[in-house]
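S.K.:
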Amino acid sequence: MSVIIVGGGIMGVSTAYYLSKRKVDTLIIEKEQIGSAASGRAGGFLAKDWCSHNEMDVLAQNGFDLHMELADEFGSACDYRRVNTYSISLSPGKSSGSSNSPSWVSAKVKNCSLIGDSTTTAQVHPKKLTDELFRRAQYLTNQGTKLKIARVIGLEFSTSNTSAPKVNGVRVIESSTSNSEVIPASLVILTTGPWSKEAVTWLPSGFLNSNKFHGRRAHSIILKPKIEKSPIDAKCLFMDYQNSEFSCSPEVYPRPDNTVYVCGLGDGAPVPSSKDQVEIESWRCNRLKEIVTSVVPSLKDAEMITESACYLPLVSDGYPVIGQIPGLSNVYIATGNSCWGILTGPISGRLLTAIILKNNTNLKRSTNSNVTDQMELDEKTAQDDLLQKPGIELFNPARLIK
Numbered sequence: 004m005s006v007i008i009v010g011g012g013i014m015g016v017s018t019a020y021y022l023s024k025r026k027v028d029t030l031i032i033e034k035e036q037i038g039s040a041a042s043g044r045a046g047g048f049l050a051k052d053w054c055s056h057n058e059m060d061v062l063a064q065n066g067f068d069l070h071m072e073l074a075d076e077f078g079s080a081c082d083y084r085r086v087n088t089y090s091i092s093l094s095p096g097k098s099s100g101s102s103n104s105p106s107w108v109s110a111k112v113k114n115c116s117l118i119g120d121s122t123t124t125a126q127v128h129p130k131k132l133t134d135e136l137f138r139r140a141q142y143l144t145n146q147g148t149k150l151k152i153a154r155v156i157g158l159e160f161s162t163s164n165t166s167a168p169k170v171n172g173v174r175v176i177e178s179s180t181s182n183s184e185v186i187p188a189s190l191v192i193l194t195t196g197p198w199s200k201e202a203v204t205w206l207p208s209g210f211l212n213s214n215k216f217h218g219r220r221a222h223s224i225i226l227k228p229k230i231e232k233s234p235i236d237a238k239c240l241f242m243d244y245q246n247s248e249f250s251c252s253p254e255v256y257p258r259p260d261n262t263v264y265v266c267g268l269g270d271g272a273p274v275p276s277s278k279d280q281v282e283i284e285s286w287r288c289n290r291l292k293e294i295v296t297s298v299v300p301s302l303k304d305a306e307m308i309t310e311s312a313c314y315l316p317l318v319s320d321g322y323p324v325i326g327q328i329p330g331l332s333n334v335y336i337a338t339g340n341s342c343w344g345i346l347t348g349p350i351s352g353r354l355l356t357a358i359i360l361k362n363n364t365n366l367k368r369s370t371n372s373n374v375t376d377q378m379e380l381d382e383k384t385a386q387d388d389l390l391q392k393p394g395i396e397l398f399n400p401a402r403l404i405k
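Now the structure itself:
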């Protein structure tokens, strides 16, 4: 019987990775491919101290540091780099010559301030990171970490008069054959992002309130400048943009491959039943390009190589759920990290692994792992330390019981 992770985004693969460092094999079930939803379309901006005013701070602070560790471990595979970050208020038109705005910005800058430097802000390529975490998990478990392409439609539970319901399988529909089957499971982890509202309905009645889970749509584009244009350096922008017709707050992240990621114009479109039904409104993508090219003239001739939309996973009270679902001894959940999913994904995976192995000391370990005993001990120490951090208890799913 398998430890099954439902969902192959940043939360799912991070959990698989940190379980692999404790010699636990997992099966990830994903409808399309690793990182096929928000984790493959996010901006990858990282900030250490931007959540100091709310419950996310413990994940943000420790998550930022963990990304540095992963960058050391993974090398250049995920395009990690430190950046300076600016808040800039502007409107289209000729530059006022503001001395502290990035040199490639040419617009009427009303105000520009440094809101993060290379010690507190960074970036990573989300899809490359998600893929690398999965690849590393496979290596550490000697291919014991597996991926199954299928659509999950429910969980199977065993019950008795003397014990609480216990999951014993995951029901899926094969993507290639449309056949239904039940995959035996010893433990199930739900990392279902904005589709957690549906996933929670797979549980027996009364365990979690599905109405507490939702998502918010965001659009993004990726621009590829002409090679002969001046390169755009490692400075991220949080813009307050206004012209005679509209105002908005897009974000601009130049990437190491000399492309430029731009996102914004979020809206309240309902979460569709499947990620392949996510609608891209082209006018929003065109508006993002219109804005950024009015501010950065060197991008006027840039090719828009990607138009995208995805849903940010949200929980009604504004912060994630990470842990065991109360009353179900072998079902766990991690979701609701909102726009900070890439920043806090790896640390959430490490935290969930720590909780799982604290509660399941007899969980089957691989005898064919590439993890040395010292590597496992070091990871156990890091996980145990994380469990002791003040504020970690706030993410307990118990707060969402009906």
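Sequence positions in the sequence shown follow this note's numbering and run 4 to 405. From the three backbone atoms N, C-alpha and C, an ideal C-beta is built for every residue, glycine too.
1. If you scan the stretch 314-374 from start to end, which runs of the alpha helix (DSSP H) of 4 or more residues do you find wholly inside it?
2. Applying the 10 Å Cβ sphere with the 16-neighbour rule, what's the burial state of P323?
3. Measure the C-alpha to C-alpha separation of A74 and V155 and round it to an integer number of angstroms.
4. Go ahead and pull the three-state DSSP assignment for E35.
5. Can you pull the DSSP bridge partners for N212?
6. Between L69 and the rest of its own chain, which residues show a CB-CB distance below 8 Å, the 5 nearest in sequence each way excluded?
7. Would you list, in sequence order, the uninterrupted beta strand (DSSP E) runs of no fewer than 3 residues that lie entirely inside the stretch 146-227?
8. Does the count of Cβ pairs from the stretch 36-49 and the stretch 103-118 closer than 8 Å reach three?
9. Considering only the alpha carbon of each residue, which of D388, R402, I404 and S166 lies closest to V61?
10. Just how far apart, CA to CA, sit N373 and I395?
11. By alpha-carbon positions, which one of T338, L390, G339 and S341 ends up nearest to L360?
12. In the DSSP assignment, find the unbroken alpha helix (DSSP H) run with P129 in it and report its ends.
13. Within the 8 Å Cβ cut-off, does S351 reach chain D?
14. Would you identify the three-state DSSP class for P400, choosing helix, strand or coil?
15. Tell me whether the beta-carbon of S341 lies closer than 8 Å to the beta-carbon of S223.
16. Where do the N-terminal and C-terminal ends of the beta strand (DSSP E) with M242 fall, by residue?
17. Let's see if you can read the secondary structure: which residues bound the alpha helix (DSSP H) around F77?
18. Would you say L49 and Q126 are within 8 Å of each other, going by their C-beta atoms?
19. Judging by CA-CA distance, which residue of N362, A357, M378 and W343 is the nearest neighbour of N57?
20. DSSP state of D270, grouped into three classes?
21. What is the rounded straight-line gap between the Cα of F241 and the Cα of K130?
22. Beta carbon of R219, beta carbon of G267: below 8 Å?
23. Checking 8 Å against the spacing of the C-beta atoms, do T29 and T148 come in under that value?
24. Check whether the Cβ atoms of V16 and R368 lie closer than 8 Å to each other.
25. Report the residue from G46, R25, I8 and Y21 whose alpha carbon sits nearest the alpha carbon of Y314.
26. Can you tell me whether G172 is buried or exposed? The criterion is at least 16 other CB atoms within 10 Å of its CB, across all chains shown.
27. Which of the three DSSP states, helix, strand or coil, is assigned to Q377?
28. Using the Cα positions of Q64 and T180, report the straight-line distance between them to the nearest angstrom.
29. Let me check one thing: in DSSP terms, what residues is Q126 bridge-paired to?
30. Going by DSSP in three states, P257 sits in which element: helix, strand or coil?
31. Under the assumption that C54 contacts H128 (Cβ atoms under 8 Å), give the Cβ distance between them as a whole number of angstroms.
32. Evaluate the contact criterion for the stretch 245-256 versus the stretch 189-203: three or more CB pairs, one atom per stretch, below 8 Å.
33. Using only the alpha-carbon positions, how far apart do Q141 and R84 sit?
34. Can you list, in chain order, the stretches of the alpha helix (DSSP H) that have 4 or more residues and sit fully within the stretch 271-309?
35. Going by the DSSP bridge assignment, what does L93 pair with across the sheet?
36. Assuming E33 contacts I152 under a Cβ cut-off of 8 Å, what Cβ separation, rounded to an integer in Å, is found between them?
M.R.: This is what the structure holds:
1. Runs of the alpha helix (DSSP H) inside the stretch 314-374: 344-362.
2. For the purposes of this step, residue 323 is identified with residue 320 of the sequence shown, where counting begins at 1. Buried is the label assigned to P323, since at least 16 other Cβ atoms lie within 10 Å of its Cβ.
3. If you number the sequence shown from 1, residue 74 lands on position 71. If you number the sequence shown from 1, residue 155 lands on position 152. About 33 Å.
4. Here residue 35 refers to the residue found at position 32 when the sequence shown is read from its first residue. Per DSSP, reduced to three states, the secondary structure at E35 is coil, with no helix or strand assignment.
5. Walking along the sequence shown from the start, residue 212 turns up at place 209. N212 is not bridged to any residue.
6. Translated into the one-based positions of the sequence shown, residue 69 becomes position 66. Only P349, I350 and R353 meet the Cβ criterion.
7. Entirely contained in the stretch 146-227, the beta strand (DSSP E) runs reaching 3 residues are, in chain order, 149-163, 166-177, 183-193 and 216-227.
8. Short answer: they don't touch.
9. By one-based count along the sequence shown, residue 61 stands at place 58. Measuring from the Cα of V61, the nearest candidate turns out to be D388.
10. Taking the first residue of the sequence shown as position 1, residue 373 is located at position 370. Taking the first residue of the sequence shown as position 1, residue 395 is located at position 392. One Cα belongs to N373, the other to I395, and the distance between them is close to 30 Å.
11. Taking the sequence shown and counting its residues from 1, one reaches residue 360 at position 357. Nearest of T338, L390, G339 and S341 to L360, Cα basis: L390.
12. Counting from one through the sequence shown, the residue named residue 129 turns up at place 126. From DSSP, the alpha helix (DSSP H) with P129 extends over P129 to L143.
13. Reference to chain D is not applicable here, since this structure consists of a single protein chain.
14. Position 397 of the sequence shown, counted from the start, is the residue given in the question as residue 400. Look at P400 here: in three-state DSSP terms it is helix.
15. Reading the sequence shown from its first residue, position 338 is the one you call residue 341. Reading the sequence shown from its first residue, position 220 is the one you call residue 223. The Cβ atoms of S341 and S223 do not sit closer than 8 Å to each other.
16. Looking up residue 242 in the sequence shown gives position 239. Taken as a continuous stretch (DSSP letters only), the beta strand (DSSP E) holding M242 covers K238 to Q245.
17. Walking along the sequence shown from the start, residue 77 turns up at place 74. Looking at the DSSP string, the run of the alpha helix (DSSP H) that includes F77 is D60 to F77.
18. Sequence index remark: in the sequence shown, residue 49 carries index 46 (1-based). Sequence index remark: in the sequence shown, residue 126 carries index 123 (1-based). Yes. Within cutoff.
19. Locating residue 57 in the sequence shown gives position 54, where the first residue counts as 1. The option with the nearest alpha carbon to N57 is W343.
20. What you label residue 270 is simply residue 267 of the sequence shown in a count that begins at 1. Strand, per DSSP.
21. Here residue 241 refers to the residue found at position 238 when the sequence shown is read from its first residue. Here residue 130 refers to the residue found at position 127 when the sequence shown is read from its first residue. Taking the straight line joining both Cα atoms gives about 22 Å.
22. The residue given as residue 219 occupies position 216 in the sequence shown. The residue given as residue 267 occupies position 264 in the sequence shown. No. Outside cutoff.
23. Numbered from 1 along the sequence shown, position 26 holds the residue referred to as residue 29. Numbered from 1 along the sequence shown, position 145 holds the residue referred to as residue 148. Contact flag set, yes.
24. For the purposes of this step, residue 16 is identified with residue 13 of the sequence shown, where counting begins at 1. For the purposes of this step, residue 368 is identified with residue 365 of the sequence shown, where counting begins at 1. Cβ distance not < 8 Å, so V16 and R368 don't count as in contact.
25. As a working note, residue 314 is residue 311 in the sequence shown. Comparing alpha-carbon positions, the option among G46, R25, I8 and Y21 lying closest to Y314 turns out to be G46.
26. Within the sequence shown, residue 172 is the residue found at index 169, counting from 1. Per the 10 Å Cβ criterion, buried.
27. Here the question's residue 377 lines up with position 374 in the sequence shown. Per DSSP, reduced to three states, the secondary structure at Q377 is helical.
28. Your numbering for residue 64 matches position 61 in the sequence shown. Your numbering for residue 180 matches position 177 in the sequence shown. If I take the Cα positions, the gap works out to 45 Å.
29. Translated into positions along the sequence shown, residue 126 becomes position 123. According to DSSP, residue pairing for Q126 in a beta bridge involves F48 and R84.
30. Here residue 257 refers to the residue found at position 254 when the sequence shown is read from its first residue. Residue state, collapsed to three classes: strand.
31. Residue numbering aside, residue 54 sits at position 51 when the sequence shown is read from its first letter. Residue numbering aside, residue 128 sits at position 125 when the sequence shown is read from its first letter. Contact between C54 and H128 does not hold, since the beta-carbon distance rounds to 22 Å and is not under 8 Å.
32. Look at the beta carbons and you see the stretch 245-256 not touching the stretch 189-203: under three pairs across the two are nearer than 8 Å.
33. Along the sequence shown, read from residue 1 onward, the residue named residue 141 stands at position 138. Along the sequence shown, read from residue 1 onward, the residue named residue 84 stands at position 81. Going from the Cα of Q141 to the Cα of R84 covers about 25 Å.
34. Taking only runs of at least 4 residues, the alpha helix (DSSP H) segments lying wholly in the stretch 271-309 are 285-298.
35. Stepping through the sequence shown from its first residue, residue 93 is reached at position 90. Beta-bridge partners of L93 (DSSP): V112 and Y244.
36. Within the sequence shown, residue 33 is the residue found at index 30, counting from 1. Within the sequence shown, residue 152 is the residue found at index 149, counting from 1. Between I152 and E33 the Cβ distance is about 6 Å, and since that is below 8 Å, they are a contact.
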